[in-house]
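So that you can map any letter, position 345 of the sequence shown is 345 in the UniProt record's numbering, and since no number is skipped, the others follow by simple counting.
In this text, a Cβ means the ideal position worked out from N, Cα and C, and glycines have one as well.
Comments concern the structure below.
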Amino acid sequence: MANKMYQYKPLIEQDSIRLLILPPSADSAADVHCTLLTTTLSELENDPFHGYTALCYVWGDPGKRKVIYVDNKTIGITVNLDSALREIRDSLREQHLWIDAICIDQADSPEKSKQVIQMTRVYQIARNTIIYLGESTESSTLLLGAISRAYKQKAGYHYEKLERLFSELVQRSWFTRVWVFQELLFSVDPWVQCGRLHVSWGHLYQATEAIAVVGFAAFQHSEAYRVFAAMNKERSNFKSARRPSKILAENLINLLTARRGLGVSDPRDMVFAHNGIVQTSSYQTFLEAEEIAIDYSKSVEKVFTDLACHCLKIFPDYRRLEILSYKENRTGCRAKENELEVPSWVPD
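So, in structure tokens, the structure goes:
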């Protein structure tokens, strides 16, 4: 008899979330069986003994699906997520995970909108974050293994080899996705994982700095180093800021422009994925503004137009004409932007 599809129960509290309880298994090929626990961020924040790990990953091709079992009922997930769960699953220890594709009912737009709004807190409260870059390769195993050994044994690096290995790592699609920026900024203790090998984000960054300073000057000007260093710089600035989440709302346009061309499966996420970072100068959360509240019932055209209108409203006079300069027919999304029916002055 075929298993029934899992039916989500409504989230009642304002800050309710679901956590995935992943039992141990020594067999990586075994089906993934798990349960969903409903709790609140307030409870988790006040109970350090019941921490969880947030997963940051690339969804991958939505057309290629695998099945996991939640309370003996099925949920369809992407191949990338299936791989991540199998690699993360411990042989002895039960794990508590927050994973957007499973812990949020993706078919419920109102719930999805509310959950996306509080994703910043989800990553802030998580004990750590696993940045899953995908399955292991020979180069990722050599790179992460070398970094891990260097810190355990206080050893040095073979800089020429690490430069090549790191450049290959940064080619992975995670570094081109739009949501990962917010997730990285708010993560307390991020770890980078390929297959079953992992190293801390901090150790990976220190290794790249060593390559740049001690190794080869050309590496400092490489695309791989530029991408990684820029992400780490923003993370460092964000963490050290006196009011890290109080970035002026007018900076959102600058942020979106700088990150044009990055990948999102839903064009609306180009805006929504940055709202948690940006707030108005009056310290009202930018995403709480009615015109641009995170709302997946809105069309792509409505989201882009509302954003432009809101920016025109709050921008100082001398910056309002800048909106016109951001008009461009590309956002890195799968949708064909030239088919969007938006006013000619709305950035797309």
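Closest to residue i by C-alpha separation, out of the options, would be which residue?
i: lysine 9; options: Ile294, Val122, Leu36; result: Leu36
i: isoleucine 131; options: Trp201, Asn237, Ile21; result: Trp201
i: glycine 145; options: Gly195, Ser187, Glu111; result: Gly195
i: aspartate 61; options: Leu133, Ile21, Lys161, Val79; result: Val79
i: arginine 127; options: Glu168, Asp100, Val188, Ser139; result: Val188
i: arginine 89; options: Leu22, Glu43, Leu55, Val122; result: Leu22
i: aspartate 100; options: Glu183, Gln206, Phe304; result: Glu183
i: cysteine 311; options: Cys34, Glu341, Gly51, Val271; result: Val271
i: valine 178; options: Asp266, Ala212, Gln124, Glu301; result: Asp266
i: glycine 134; options: Val192, Tyr52, His221, Ala229; result: Val192
Grouping DSSP H, G and I as helix and E and B as strand, with all else coil, what is residue i?
i: tyrosine 283; result: Legend: pLDDT at tyrosine 283 = 39, less than 50; position of this residue unreliable, value from coordinates given subsequently. Reduced to three states, the DSSP call for tyrosine 283 is coil.
i: asparagine 237; result: helix
i: glutamine 193; result: strand
i: lysine 161; result: helix
i: arginine 93; result: coil
i: threonine 141; result: helix
i: serine 25; result: coil
i: arginine 177; result: strand
i: valine 32; result: coil
i: histidine 221; result: coil
i: serine 136; result: coil
i: valine 271; result: helix
i: valine 213; result: helix
In angstroms, rounded to a whole number, what distance separates the CA positions of residue i and residue j?
i: glutamine 95; j: isoleucine 75; result: 19 Å
i: tyrosine 69; j: aspartate 82; result: 11 Å
i: aspartate 105; j: phenylalanine 219; result: 43 Å
i: serine 297; j: lysine 4; result: 27 Å
i: valine 162; j: aspartate 269; result: Just to set this straight, residue 162 is leucine in the shown sequence, not valine. Approximately 34 Å, taken between the alpha carbons.
i: alanine 26; j: arginine 65; result: 23 Å
i: lysine 233; j: alanine 224; result: 14 Å
i: arginine 93; j: arginine 235; result: 31 Å
i: serine 281; j: phenylalanine 304; result: Caution applies to serine 281, whose pLDDT of 38 falls short of 50 and renders its modelled position unreliable; the value that the coordinates give is listed next. Roughly 22 Å separates the two Cα atoms.
i: residue 369; j: aspartate 71; result: Nothing in the structure corresponds to residue 369, since the chain is present only between 1 and 348.
By DSSP's criteria, residue i is part of a beta bridge. Which residues make up the other side?
i: alanine 54; result: Trp98, Thr129
i: residue 355; result: No answer is possible for residue 355: the residues shown for the chain start at 1 and end at 348.
i: tyrosine 69; result: His33, Thr74
i: histidine 200; result: First, the amino acid is wrong: residue 200 is serine here, not histidine. Trp191.
What is the C-beta distance between residue i and residue j, in whole angstroms, given that I count them as a contact (C-beta under 8 Å)?
i: phenylalanine 166; j: leucine 143; result: 6 Å
i: threonine 39; j: leucine 20; result: The pair is not a contact, with the Cβ atoms about 12 Å apart (cut-off 8 Å).
i: glutamine 115; j: leucine 41; result: So it is not a contact: roughly 11 Å between Cβ atoms.
i: aspartate 295; j: serine 16; result: That pair is no contact at about 19 Å.
i: leucine 185; j: phenylalanine 238; result: 5 Å
i: phenylalanine 139; j: leucine 197; result: Rather than phenylalanine, the amino acid found at residue 139 in this sequence is serine. So it is not a contact: roughly 12 Å between Cβ atoms.
i: histidine 203; j: isoleucine 125; result: At roughly 23 Å, the Cβ-Cβ gap does not stay under 8 Å, so histidine 203 and isoleucine 125 are not in contact.
At a cut-off of 7 Å, would you count residue i as near the ligand MN, judging by its Cβ distance to the nearest heavy atom?
i: arginine 226; result: As for the ligand MN, it is missing from this structure, which has no ligand bound.
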